[in-house]
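Colleague: Per the working numbering, the very first residue in the sequence shown carries number 78; after that it's consecutive. Note that the Cβ used here is the ideal one computed from N, Cα and C, for glycine as well. Bear in mind the structure is a predicted one, so any value in this text is a computation, not a measurement.
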Amino acid sequence: MSDQQASEVEDLERVFADVSKDTIQISYGILKSITKNFAQVIGSGAFGVVYLGALKNGMVAVKKLSQSTQDLSDTQFLEEVKCLKRVKHQNIVRFLGYCAESHGEVMEIDGKLRIVEVPQRLLCFEYAPNGSLHDYLQEKPYGFEWNIRYQILKGICAGLHYLHQGRIYHLDLKPGNVLLGTHMEPKITDFGLSRCIDENQSTICTVNLFGTPGYIAPELIDKQKISFKSDIFSLGIIMARLLTGSNGSITENWHEALNTDCQQMKRCIEVAKNCVEYEPYERPTIADIVHKLNETETTIQKVPQVVNEPRNDPSSSLHQVVKTFKALSVQTLHEYSRFADIYEDLNILEHIVEGSEKPSNLSYPLLQFITENFSDKRKIGHNELGECFKGIVQIVVVTRLPGSLNINDGVFHQQIGNMMMARHQNILRFLGYCSHAVEKKVEIGGDVVVAEKRERLLCFEYLSKGNLSNNLSDELSGLEWHTRYQIIKGICEGLCYLHKEKDIIHMDLKPASILLDDDMVPKIADFGISKLLCTSDERLRQLGYSAPERMSDGVTSRKADIYSLGVVITELVTGSKTKPSITNVRVICLISFDPFFINHANITVSTYLCILTIHPNYINCLYALAKAKDILFILKKLIRKLHKNWQSFVKGNESLQPKFWLVLFKSLIWLGQETIMF
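#1: Could you spell out the range, first to last residue, of the alpha helix (DSSP H) harbouring A442?
#2: What do you get for L712, buried or exposed, if any count of 16 or more other CB atoms within 10 angstroms of its CB means buried?
#3: Could you tell me how far apart the beta carbons of L173 and F202 are, in whole angstroms, since I believe they sit closer than 8 angstroms?
#4: Please classify V164: is it buried, with 16 or more other beta-carbons within 10 angstroms of its beta-carbon, or exposed?
#5: Thinking just about the alpha-carbon of each residue, which of E347, L312, G567, D603 is nearest to the one in Q502?
#6: Along the chain, where does the alpha helix (DSSP H) containing E157 start, and where does it finish?
#7: By Cβ distance, which residues of its chain are closer than 7 angstroms to A94, with the 5 residues on each side in sequence left out?
#8: What is the DSSP secondary structure of T373, counted as helix, strand or coil?
#9: In angstroms, rounded to a whole number, what distance separates the CA positions of V650 and Y562?
#10: Give the secondary structure of R244 by DSSP, where H, G and I count as helix, E and B as strand, and everything else as coil.
#11: If you measure between the beta carbons of C160 and I103, is that distance less than 8 angstroms?
#12: Would you grab the beta carbon distance between Y128 and Q117 for me? Rounded to a whole angstrom, and I think it's under 8 angstroms.
#13: Are K264 and G258 close, meaning C-beta to C-beta below 8 angstroms?
#14: Evaluate E194 with the Cβ neighbour count: other Cβ atoms within 10 Å of its Cβ, from every protein chain shown; 16 or more gives buried, anything less gives exposed.
#15: What three-state label does DSSP hand E648 in the structure shown?
#16: Under the three-state reduction of DSSP, which class applies to R318: helix, strand or coil?
#17: Nearest to K579 by alpha carbon, out of K189, T112, C511, M497?
#18: Is the region 484-497 touching the region 590-597, taking contact as three or more C-beta pairs under 8 angstroms?
#19: Could you tell me how far apart the beta carbons of G509 and C536 are, in whole angstroms, since I believe they sit closer than 8 angstroms?
#20: Is it buried or exposed, A83, if we count other Cβ atoms within 10 angstroms and call 16 or more buried?
#21: If we count the other Cβ atoms within 10 Å of its Cβ and call it buried at 16 or more, is D758 buried or exposed?
#22: Suppose the cutoff is 7 angstroms on Cβ atoms and the five residues either side in sequence are ignored; what does the same chain contact list for V759 look like?
#23: Is Q361 helix, strand or coil when you go by DSSP?
#24: Can you tell me which of the three DSSP states N547 falls into?
#25: Can you tell me which residues form a DSSP beta bridge with M184?
#26: Between which two residues does the alpha helix (DSSP H) carrying R477 extend?
#27: Can you check which of these residues, M316, P361, D638, is closest to C345 by C-alpha distance?
#28: Can the beta-carbon of D308 be found less than 8 angstroms from the beta-carbon of H238?
#29: Counting C-beta neighbours from all protein chains within 10 Å, is the total for H677 16 or more, i.e. buried, or is it exposed?
#30: Using the Cβ count rule (16 or more neighbours within 10 Å means buried), how would you classify R627?
#31: At the level of alpha carbons, what is the spacing between F446 and S440?
#32: If we ignore side chains and look at the alpha-carbon of each, how far apart do I759 and R198 end up?
#33: Look up N438 in the DSSP assignment and say whether it is helix, strand or coil.
#34: Do S623 and S634 have their C-beta atoms closer together than 8 angstroms?
#35: Quick one: does Y175 have its CB under 8 angstroms from some CB of chain B?
#36: Can you give me the C-alpha to C-alpha distance between A131 and E87, rounded to a whole angstrom?
Here it is, written out as structure tokens:
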């Protein structure tokens with residue numbers, strides 16, 4: 078060890094021995110040395126691994142922060158250190174020093190070993206020899222004398238009071254983050270999730286979840302609101318665990334651990350119950366809690382009482398305490414267990430959104446929760462599949478399929494499989510699904526029966542720009558050609574992926590099924606939904622975008638998707654929307670496939686021009702089909718009729734003149750050698 082390193086160790090020894098000394102910066106080499114190259118692990122969590130370190134005068138705990146924290150900038154890390162440095166209290170684990178430097182590590186990159194500079198961030202704390210409260214509760218769930226339990230409880234409250242006075246949230250208070258010193262004194266630790274806030278703040282909002290399932294406050298999950306009352310909820314759960322044991326129940330030998338005034342225990346139960354109130358404003362402040370505990374001690378000192386009641390008397394105050402214990406246990410450990418389940422489900426959804434897990438079956442309570450029970454304020458629209466809701470916490474879209482749809486389970490899961498395996502930058506990311514049976518009471522023939530209703534929900538990524546249909550406006554037509562071209566190219570690449578790589582026919586390609594992200598990158602959605610929408614009028618759901626063969630005979634093929642693609646591309650080029658009507662679409666189908674209809678029906682020029690001006694691509698379709706069916710003469714007849722009477726139609730409809738001349742110009746080209754006289 079060099080002289081400089083020896084000097085650093087001496088500085089750390091002085092800080093360790095004198096509580097008045099300030100926190101120091103420690104080199105990576107020293108921390109590596111005192112932990113013997115990080116040999117002995119004594120704890121771990123989401124934010125790092127804790128190693129045992131040895132000094133001359135005692136042991137220390139060295140926390141090596143995980144890679145997930147390396148995204149913090151140096152400024153952010155030092156702000157956290159600054160927050161830790163100002164915390165000095167007998168019920169808070171002492172912060173001794175920190176390390177923030179880069180260290181070379183050998184890594185394999187592109188098949189070659191390279192030395193890469195990796196940021197190393199470590200924190201050094203005092204070591205608590207009796208482990209955590211969690212471990213002690215597991216080992217001796219009923220072994221505490223009441224006096225020890227009470228002193229632990231009181232010490233936790235004192236430590237939390239100190240933090241709150243310093244405007245610091247803990248945000249992850251739980252038995253695992255309460256260490257026990259030499260004399261079983263509690264010491265709050267793990268400020269990896271803590272936040273220091275300004276003096277004028279009392280509540281803040283966050284997009285990230287903090288805390289541990291079973292201890293996290295409801296409002297943090299429901300509304301992403303953090304306040305000091307969030308810590309109070311966690312404190313109440315810890316108090317319940319201390320009062321009832323690790324598993325939240327009372328054994329038959331409860332009286333052996335009870336050796337104090339019953340009033341003191343009753344007061345602790347009352348405080349714990351108030352701490353776990355659902356509404357934050359109904360919970361006490363930590364100052365109120367400390368005051369009540371001190372007040373109870375004063376009362377007991379003035380009026381000593383001895384617990385001398387029959388153990389088997391149900392009316393005795395001791396039995397009432399046990400009864401209250403059990404009620405509190407049920408309330409805190411079971412009523413709020415749903416938050417633990419939802420928290421776990423949220424973690425799964427977060428991993429899916431990040432891409433570290435594949436799409437999966439999501440729980441109904443989770444989707445119900447993130448849409449606030451499918452409330453109107455979360456609703457952002459609807460499509461052919463059903464109502465769409467924007468999720469909270471994770472920014473996703475939940476589509477709720479209407480219960481009126483008689484969807485075959487086999488078809489449903491087949492489409493789910495198609496969406497799960499489709500992964501491409503131009504395909505909307507599918508995150509998961511839910512098929513959940515809900516029992517509802519319904520009246521049938523005057524009798525009330527319980528019927529099963531099937532809820533089917535789909536979860537997708539949320540794209541802020543909405544769909545292409547909403548963007549087909551002056552705003553879109555005002556975009557430079559490069560942007561519009563990139564949108565067209567992206568749609569083509571996405572459709573090519575579906576056709577070529579996954580053998581999937583979209584069947585419903587249109588602007589409303591193409592979404593745009595913040596960078597105007599298109600993502601195709603809703604592929605295969607037509608199979609779920611088995612209604613008699615389904616062929617008319619895609620007015621203006623369905624290929625003629627699909628409209629007339631229901632024929633589905635890749636070429637039908639190509640036809641829809643052509644319509645979408647033309648709209649992108651022109652920047653205008655197609656607004657077809659059912660009548661016109663039916664007419665165009667009949668024109669294309671039924672010569673008898675054309676010969677005998679009274680088709681006016683205005684109707685025909687309306688058909689053709691719905692979209693120019695219809696002219697291509699009509700001509701190709703007429704030629705294939707050897708009814709070109711019919712099309713020529715209509716074009717002549719159109720030309721002969723054009724003045725009577727265009728008069729008073731000047732806005733249609735550009736489209737009219739486009740139609741007429743194409744008609745003249747197609748007629749070739751035949752001359753139309755003006």
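Modeller: Let's see:
#1: Indexing the sequence shown from 1 puts residue 442 at position 365. In the sequence under discussion, the amino acid at residue 442 is Pro, which differs from the Ala named in the question. In the DSSP assignment, P442 falls within the alpha helix (DSSP H) that extends over 441-447.
#2: The count along the sequence shown starts at 1 and reaches residue 712 at position 635. Because the pLDDT of L712 is 49, which lies under 50, any placement of that residue in the model is unreliable, and the number read from its coordinates should be weighed accordingly. Buried is the call here.
#3: Position 96 of the sequence shown, counted from the first residue, corresponds to residue 173. Position 125 of the sequence shown, counted from the first residue, corresponds to residue 202. Indeed, because the Cβ distance is near 6 angstroms, the residues count as touching under 8 angstroms.
#4: What you label residue 164 is simply residue 87 of the sequence shown in a count that begins at 1. With 16 or more Cβ atoms within 10 Å of its Cβ, V164 is classed as buried.
#5: The sequence position of residue 502 within the sequence shown is 425, counting from 1. For Q502, the nearest C-alpha among the options comes from G567.
#6: As a working mapping, residue 157 is identified with position 80 in the sequence shown. Start and end: 151-162.
#7: The sequence position of residue 94 within the sequence shown is 17, counting from 1. Cβ neighbours of A94 beyond the five flanking positions: N134.
#8: On the sequence shown, position 296 is the one that residue 373 refers to. Reduced to three states, the DSSP call for T373 is helix.
#9: Taking the first residue of the sequence shown as 1, we reach residue 650 at position 573. Taking the first residue of the sequence shown as 1, we reach residue 562 at position 485. Computed Cα separation, rounded: 8 angstroms.
#10: Walking along the sequence shown from the start, residue 244 turns up at place 167. It is coil, neither helix nor strand.
#11: What you label residue 160 is simply residue 83 of the sequence shown in a count that begins at 1. What you label residue 103 is simply residue 26 of the sequence shown in a count that begins at 1. Contact: no.
#12: Taking the first residue of the sequence shown as 1, we reach residue 128 at position 51. Taking the first residue of the sequence shown as 1, we reach residue 117 at position 40. 6 angstroms between Cβ atoms; contact.
#13: Working through the sequence shown from its first residue, we reach residue 264 at position 187. Working through the sequence shown from its first residue, we reach residue 258 at position 181. Against a cut-off of 8 angstroms, the Cβ pair of G258 and K264 comes out as a contact.
#14: Along the sequence shown, read from residue 1 onward, the residue named residue 194 stands at position 117. Under this definition E194 is an exposed residue.
#15: Counting from one through the sequence shown, the residue named residue 648 turns up at place 571. Looking at E648 - three-state DSSP - the assignment turns out to be helix.
#16: The residue you call residue 318 lines up with position 241 of the sequence shown. R318 falls in the helix class under three-state DSSP.
#17: As a working mapping, residue 579 is identified with position 502 in the sequence shown. The candidate whose alpha carbon is nearest that of K579 is M497.
#18: no
#19: As a first step, residue 509 is located in the sequence shown; it is residue number 432 there, counting from the start. As a first step, residue 536 is located in the sequence shown; it is residue number 459 there, counting from the start. Confirmed, Cβ separation roughly 5 angstroms.
#20: If you number the sequence shown from 1, residue 83 lands on position 6. Label assigned to A83: exposed.
#21: The chain is shown from 78 up to 755; residue 758 falls before or after that span and cannot be answered.
#22: The structure shown does not extend to residue 759, since the chain is modelled only from 78 to 755, so the question has no answer here.
#23: Along the sequence shown, one-based indexing puts residue 361 at 284. Going by the sequence as given, residue 361 is Pro instead of Gln. Of the three classes helix, strand and coil, the one that applies to P361 here is coil, per DSSP.
#24: Against the sequence shown, residue 547 aligns to sequence position 470. Correct three-state label for N547: helix.
#25: As a first step, residue 184 is located in the sequence shown; it is residue number 107 there, counting from the start. In DSSP, M184 forms a bridge with R191.
#26: In the sequence shown, the residue the question calls residue 477 occupies position 400. Per DSSP, R477 belongs to no alpha helix (DSSP H); it is in the beta strand (DSSP E), 473-477.
#27: On the sequence shown, residue 345 is found 268 positions in, with the first residue counted as 1. Comparing Cα positions, the closest option is M316.
#28: For the purposes of this step, residue 308 is identified with residue 231 of the sequence shown, where counting begins at 1. For the purposes of this step, residue 238 is identified with residue 161 of the sequence shown, where counting begins at 1. No.
#29: Your numbering for residue 677 matches position 600 in the sequence shown. For H677, the predicted model reports a pLDDT of 38, less than 50, meaning its position is unreliable and no value from the coordinates is stated.
#30: Here residue 627 refers to the residue found at position 550 when the sequence shown is read from its first residue. Counting Cβ neighbours within 10 Å, R627 comes out buried, since at least 16 surround it.
#31: Taking the sequence shown and counting its residues from 1, one reaches residue 446 at position 369. Taking the sequence shown and counting its residues from 1, one reaches residue 440 at position 363. Taking the straight line joining both Cα atoms gives about 10 angstroms.
#32: Outside the shown range of the chain, which is 78 to 755, sits residue 759, and nothing can be said about it.
#33: What you label residue 438 is simply residue 361 of the sequence shown in a count that begins at 1. DSSP places N438 in strand when its eight states are reduced to three.
#34: Position 546 of the sequence shown, counting from 1, holds the residue named residue 623. Position 557 of the sequence shown, counting from 1, holds the residue named residue 634. Not a contact, by the Cβ cut-off of 8 angstroms.
#35: Annotation note: the requested chain B is absent from the structure, which comprises a single protein chain.
#36: As a working note, residue 131 is residue 54 in the sequence shown. As a working note, residue 87 is residue 10 in the sequence shown. Approximately 13 angstroms, taken between the alpha carbons.
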